[in-house]
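The structure appears right after this line, and notes come after that.
Number of protein chains: 2
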Amino acid sequence: MSSDHAERRAAIHDHLSLTLEQVGLPRAMARVYSALILAEGEGLSTSELMEALDISKASVTNAMQLLLGFELVQRYRVRGSREAHYRVLKNKWGPIMARKFAGISQVRKSSEEALAFADTQAARERLEEMRDVYSFFERELSDVMDRWDNRHEEER
Amino acid sequence: MSSDHAERRAAIHDHLSLTLEQVGLPRAMARVYSALILAEGEGLSTSELMEALDISKASVTNAMQLLLGFELVQRYRVRGSREAHYRVLKNKWGPIMARKFAGISQVRKSSEEALAFADTQAARERLEEMRDVYSFFERELSDVMDRWDNRHEEER
DNA sequence: CCCAATGTTCAGAATGTTCTAAACATTCGG
DNA sequence: CCGAATGTTTAGAACATTCTGAACATTGGG
């Protein structure tokens, strides 16, 4: 029974990390971040991560440099242990989504740059469609993020 | 002067493909798709793509299988030429965005699956935050796509 | 201070991805 | 039908990425 439980835990972890990868996180980050989310307690130590994910401590360091750099994770100390421990930070999903949406403005700008250069009617038409679409989503997603920020503040 | 123009064209093309890559298209698709958008006329032939992008015909075939599979591009024939020609299809940006957003529902589902399994308070709280965030964006983006579809229909 | 425990860096192994050349298949004009 | 032109498949080269072991650096208890 305990074995079933462990297997199910592993399956859930795999599925969650795979999902986060598909959404755009690098593999190492996704695996470690998932483990920290699913942790039973506050967080996990380096050696716990090494064992749970079957990776080297060098890989833990690498993943942590990314996760700490993106400010998704925090290091903390546990008294009686010399190991580093890590916990996920709260309220980080908003920034993650914002980063995801940022690419859209980039496409709009890129299409406008190309449009300024386009020298035939056919090319202009294709680029105008592209620019219009991305302008639309740029505006809409900016509004969505505004609504997100408001909702978020009320919750505090 | 013609050389300057060619260089600028190449720079614009590089920037556009890079942007499309960053938004999630695979590299090969992004390069070929950009070339077709920037084409002076209706589209480009296999040999024109090979020369413009300095890639082999095998790569053209590969990229086209992807682009045709995603229905972003159409094959057409030009009289007097035995080569295949390709043009971008119109009104495909909506579906591209929809596909981009689809991952969000996946994350929401994944977090709910994990939530059903979570056995401690700490894990439950982290997963609930995750699920709530993704539910919010799932709803909002579904609304955005509705507005997109309406706007789109009026335009026809 | 010292030393054991832990963390970081780095060179190279293992793995995965992308691209191409060449063989093969298909198409179409004659 | 034949043969030249074009398209597709495929095996492997070239390239990029990820992971690790080992050397090195750092930390903190005694």
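As they're listed, the protein sequences go chains U and L.
Under my numbering, the first residue of the first sequence is numbered 513, with each subsequent residue one higher.
Under my numbering, the first residue of the second sequence is numbered 513, with each subsequent residue one higher.
Glycine included, C-beta positions come from ideal geometry on N, C-alpha and C.
Secondary structure of residue i, DSSP reduced to three states
{"i": "L/V590", "result": "coil"}
{"i": "L/V645", "result": "helix"}
{"i": "U/A551", "result": "coil"}
{"i": "U/V585", "result": "strand"}
{"i": "L/L565", "result": "helix"}
{"i": "L/V535", "result": "coil"}
{"i": "U/A614", "result": "helix"}
{"i": "L/L556", "result": "strand"}
{"i": "L/A596", "result": "strand"}
{"i": "U/A630", "result": "coil"}
{"i": "L/L530", "result": "helix"}
{"i": "L/K457", "result": "Residue 457 of chain L is absent from the structure shown; chain L starts at 513 and stops at 668."}
Neighbourhood of residue i by C-beta, 8 Å cutoff - its chain only, sequence neighbours within 5 removed
{"i": "L/M642", "result": "V619, S623"}
{"i": "L/S647", "result": "R620"}
{"i": "L/N574", "result": "A540"}
Cβ distance (whole Å) where residue i is taken to contact residue j below 8 Å
{"i": "U/L653", "j": "U/I616", "result": "6 Å"}
{"i": "U/V544", "j": "U/T558", "result": "About 11 Å separates the two Cβ atoms, so there is no contact after all."}
{"i": "L/A680", "j": "U/E554", "result": "Because chain L is modelled from 513 through 668, residue 680 of chain L falls outside the range shown and cannot be assessed."}
{"i": "U/P538", "j": "U/L578", "result": "7 Å"}
{"i": "U/V656", "j": "L/V656", "result": "7 Å"}
{"i": "U/G536", "j": "U/K621", "result": "That pair is no contact at about 20 Å."}
Residues of its chain near residue i, where Cβ-Cβ distance is below 6 Å and the 5 sequence neighbours each way are ignored
{"i": "U/K604", "result": "L584"}
{"i": "U/S529", "result": "A542, R543, S546"}
{"i": "U/M576", "result": "none"}
Selection from the options that minimises the alpha carbon distance to residue i
{"i": "U/R589", "options": "U/M576, U/K612, U/T573, U/L556", "result": "U/L556"}
{"i": "U/P607", "options": "U/D658, U/A630, U/R594, U/N574", "result": "U/D658"}
{"i": "L/M541", "options": "L/L561, L/G553, L/A523", "result": "L/L561"}
{"i": "L/N649", "options": "U/K621, U/E637, U/W660", "result": "The residue you asked about is not Asn; residue 649 of chain L is Phe in the sequence shown. Ranking U/K621, U/E637, U/W660 by Cα distance to L/F649 puts U/W660 first."}
{"i": "U/L602", "options": "U/E595, U/K612, U/Q586, U/S593", "result": "Leu is not the amino acid found at residue 602 of chain U; the sequence shown has Lys there. Minimum Cα distance to U/K602 is reached at U/Q586."}
{"i": "L/E595", "options": "L/N574, L/D655, L/K569, L/K612", "result": "L/K569"}
{"i": "L/R599", "options": "L/A610, L/E552, L/L537", "result": "L/E552"}
{"i": "L/A610", "options": "L/N574, L/F582, L/Q534", "result": "L/F582"}
{"i": "L/E625", "options": "U/D516, U/T531, U/M576", "result": "U/T531"}
{"i": "U/L580", "options": "U/H597, U/G592, U/S593, U/R591", "result": "U/H597"}
{"i": "L/L520", "options": "U/R521, U/A628, U/A518, U/R651", "result": "Note that residue 520 of chain L is Arg in the sequence shown here, rather than Leu. Of the candidates U/R521, U/A628, U/A518, U/R651, the one whose C-alpha sits nearest the C-alpha of L/R520 is U/A628."}
{"i": "L/A669", "options": "L/R663, L/S593, L/R591, L/R651", "result": "No information on residue 669 of chain L is available, as it lies outside the stretch 513 to 668 that chain L covers here."}
{"i": "L/E563", "options": "L/A522, L/R663, L/T632, L/H517", "result": "L/A522"}
7 Å Cβ shell around residue i - same chain, five flanking residues per side excluded
{"i": "U/H525", "result": "S546, A547, L550"}
{"i": "L/A630", "result": "R636, L639"}
{"i": "U/Q534", "result": "none"}
Checklist line | Where the stretch 586-608 of chain L meets chain U: residues whose CB sits under 8 Å from a CB there | finding: Within the stretch 586-608 of chain L, the residues whose Cβ lies closer than 8 Å to some Cβ of chain U are V600, K602, N603, W605, G606, listed in chain order.
Check: Which of the residues in the stretch 535-566 of chain U, read from start to end, lie with their CB under 7 Å from any CB of chain L?
Finding: Taking 7 Å as the cut-off between beta carbons, the residues of the stretch 535-566 of chain U near chain L are V535, I549, L550, A551, E552, G553, E554, in sequence order.
Next item on the list: Return the residues of the stretch 625-648 of chain L that lie within a Cβ-Cβ distance of less than 8 Å from chain U, sorted by chain order.
Entry: Correct list: E625, A626, F629, A630, D631, T632, A634, A635, R638, L639, E641, M642, V645, Y646, F648.
Checklist line | Under 8 Å (Cβ pairs) to chain L, residues found in the stretch 565-585 of chain U | finding: Answer set for the stretch 565-585 of chain U: empty.
Checklist line | Contact residues within the stretch 608-624 of chain L, judged by C-beta distance below 9 Å to chain U | finding: Here the close residues are I608, M609, K612, G615, I616, Q618, V619, K621, S622, S623.
Notebook entry, point to check: Of all the residues that make up the stretch 652-666 of chain L, which are near chain U by a beta-carbon distance shorter than 8 Å?
Noted result: Close to chain U, meaning a Cβ-Cβ distance shorter than 8 Å, are the following residues of the stretch 652-666 of chain L: E652, L653, V656, R659, W660, R663.
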